[in-house]
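Reviewing the structure listed below.
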Amino acid sequence: MNILHIDNSPRQQSHSRQLSAAIVKRLLEVAPGADIIRRDLGTDPLPQTAALYAAALASPATLAAPPAGSLDLSEQLVREVEAADVVVIGTPMHNLTIPSVLKAWVDQILRVGRTIKSTSVGKVGMLRDRPVLIGVASGGFFTGERANQPDFLTPYLSIALSSIGLKSQQFFPLQGTAFLNWEQAAETRDKTLAALDVTAVKRLTEIQDQPAMVASVGWNHADLALPRHASPSAH
Ligand SMILES: Cc1cc2nc3c(=O)[nH]c(=O)nc-3n(C[C@H](O)[C@H](O)[C@H](O)COP(=O)(O)O)c2cc1C
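Everything in the sequence shown is counted per my numbering, starting at 71 for the first residue and increasing by one.
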């Protein structure tokens, strides 16, 4: 079992980092032997889109014969996602959406011909589905009774991930951090994470522990997908 754990806050003492760490901790309770692949984009950001990468993505012709090395970073990051059975993301809301460090990752992960197939009926994701668990910290409120700002984070990230095939998403918003001390934030975090559904991960662990079962029933990840839960209702 591999967990890809991605953080995006520029600060170390951070609500979104604590959310993602709590999610990983919960996963390790059901999958104690899991390996963690770490991407700390908050402290070790990716470069902004490079000229060669943009040149490679410019057209089907350039994608078919990309400049040497232009896709290397993208390939490395896509493989990290492919190697993961579960993806955990901790992200702040920055100016109503994801921070630019997470957008830089999205720009490398969504690639036509590699993770997205362009068809006559629209774009189709090429990666197999797997649970994606996303903790979102916001200073104010973007959903619920106290909402006073639009939310471009949840719908954007949800659609971006779905477009490459990662449809089994759960969002865990921790809102109003500007008004919480760390103790209050911990209580709110626990309430938010009460909605965390680890059934699919548990089942996957059981299957991985029994190779004979994998051989006999096949590796049907569709059975393991979480119920679609992309709306920020869990708070
Ligand atoms: C550049 C920047 C932009 C922000 N924009 C918003 C915003 O649009 N809405 C909001 O509710 N909070 C906003 N905040 C507050 C953060 O979402 C809040 O402090 C959150 O707890 C940060 O996550 P972290 O604790 O993981 O660092 C912003 C903070 C920064 C630094």
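All C-beta atoms in this analysis are idealised placements derived from N, C-alpha and C, irrespective of residue type, glycine included.
Any heavy atom of ligand 2 closer than 7 Å to the beta-carbon of residue i?
i           : result
residue 247 : Ligands displayed in this structure: ligand 1; ligand 2 is not among them.
Is the beta carbon of residue j closer than 8 Å to that of residue i?
i           : j           : result
residue 181 : residue 148 : yes
residue 104 : residue 72  : yes
residue 100 : residue 268 : yes
residue 107 : residue 153 : yes
residue 175 : residue 111 : yes
residue 126 : residue 141 : yes
Take residue i as the anchor and find which of the options has the nearest alpha-carbon.
i           : options              : result
residue 198 : 79, 154, 264 and 235 : 235
residue 116 : 170, 187 and 196     : 170
residue 97  : 78, 122, 74 and 111  : 74
residue 253 : 114, 205 and 84      : 84
Locate the alpha helix (DSSP H) running through residue i, then write down its first and last residues.
i           : result
residue 109 : No alpha helix (DSSP H) holds residue 109; the beta strand (DSSP E) holding it covers 105-110.
residue 161 : No alpha helix (DSSP H) holds residue 161; the beta strand (DSSP E) holding it covers 156-162.
residue 227 : 223-233
residue 278 : 269-279
Can you say whether residue i is buried or exposed, counting buried as having 16 or more other CB atoms within 10 angstroms of its CB?
i           : result
residue 242 : buried
residue 194 : exposed
residue 81  : exposed
residue 245 : buried
residue 216 : exposed
residue 218 : exposed
residue 237 : buried
residue 162 : buried
residue 212 : buried
Could you check where the beta strand (DSSP E) with residue i kicks off and where it finishes?
i           : result
residue 79  : Residue 79 -> no beta strand (DSSP E), and no H or E assigned at all.
residue 188 : 186-189
**OP:** Answer yes if the region 160-175 comes into contact with the region 125-140, meaning at least three C-beta pairs across the two stretches below 8 Å, and no otherwise.
**Re:** Put simply, the region 125-140 does not touch the region 160-175. Fewer than three CB pairs are less than 8 Å apart.
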